[in-house]
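Residue numbers 5 to 162, in this note's numbering, belong to the letters of the sequence shown in order.
The next block holds one structure in the form of structure tokens; read it before the comments.
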Amino acid sequence: VQIKRAIPTLALIPLLMLWFGIGEGMKVTTIALAVLIPIYIQTHSSLRSIDSRYVELAQTLRMGYGEFIREVILPGALPGFFLGLRLAVTYAWLSLVVVEQVNATSGIGYMIDLARNYGQTDIVIVGLVVYALLGLGCDGIVRLFQERSLSWRRTLAD
């Protein structure tokens with residue numbers, strides 16, 4: 005995982021093109037690789053930071069495996085998972101912007117690339133604004149899902 009973290013996902017595009025061609029498979033794989041690391045790292049960090057007293061309490065109460073997962077592991081891991089997911093949405097949009105311009109014949113990336121070729125700055129800016137609005141919308145959806153899933157959790161902001 006650490007070696008993958010050291011290599012920017014977008015630097016893998018030439019290799020992914022060789023392996024998957026220039027089609028949708030390469031694009032989906034690039035985006036999947038971009039979102040994998042932040043979700044994994046944040047979830048792993050959350051799991052490692054679960055207070056050992058909760059684990060001991062679960063053992064003392066002789067919780068079953070399913071109950072242990074539901075009552076200790078999930079509440080401990082979900083905050084980190086959602087943080088990783090919000091970061092991953094950002095990386096997914098970054099990757100999407102890049103891969104959408106690879107051999108594209110339609111889409112926002114194609115429109116931006118075509119406008120760049122013809123020096124149409126206004127269309128490039130419109131495309132970027134659309135990307136920004138879609139990115140904010142996706143982040144808002146994840147944040148809403150996070151707030152509903154973690155409604156039990158109190159933070160300093162509350």
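Glycine included, C-beta positions come from ideal geometry on N, C-alpha and C.
Just measuring C-alpha positions, the residue of A96, E104 and F149 sitting nearest G131 is E104.
Between T34 and V128, the C-beta spacing is not below 9 angstroms. Going by DSSP, Q150 is part of the alpha helix (DSSP H) stretching over T125 to S153.
Assigned with DSSP and collapsed to three states, I41 falls in helix. Runs of beta strand (DSSP E) with 3 or more residues, each lying fully within the segment 36-86, are absent. As the crow flies, the alpha-carbon of V134 is around 33 angstroms from that of H48. With respect to L154, F86 sits close: the two C-beta atoms are nearer than 9 angstroms. Boundaries of the alpha helix (DSSP H) around N121: I112 to N121. Beyond the five residues adjoining it in sequence on each side, C142 comes within less than 6 angstroms, by CB distance, of V93 in the same chain, given in chain order. Following the DSSP letters along the chain, one finds I17 inside the alpha helix (DSSP H) bounded by residues I17 to F24. In this structure, L91 sits near Q46, with a CB-CB distance shorter than 9 angstroms. G68 and I145 have their C-alpha atoms some 34 angstroms from each other.
For E104, the three-state secondary structure derived from DSSP is coil. Within 10 angstroms of the beta-carbon of P42 lie 16 or more other beta-carbons, which makes it buried.
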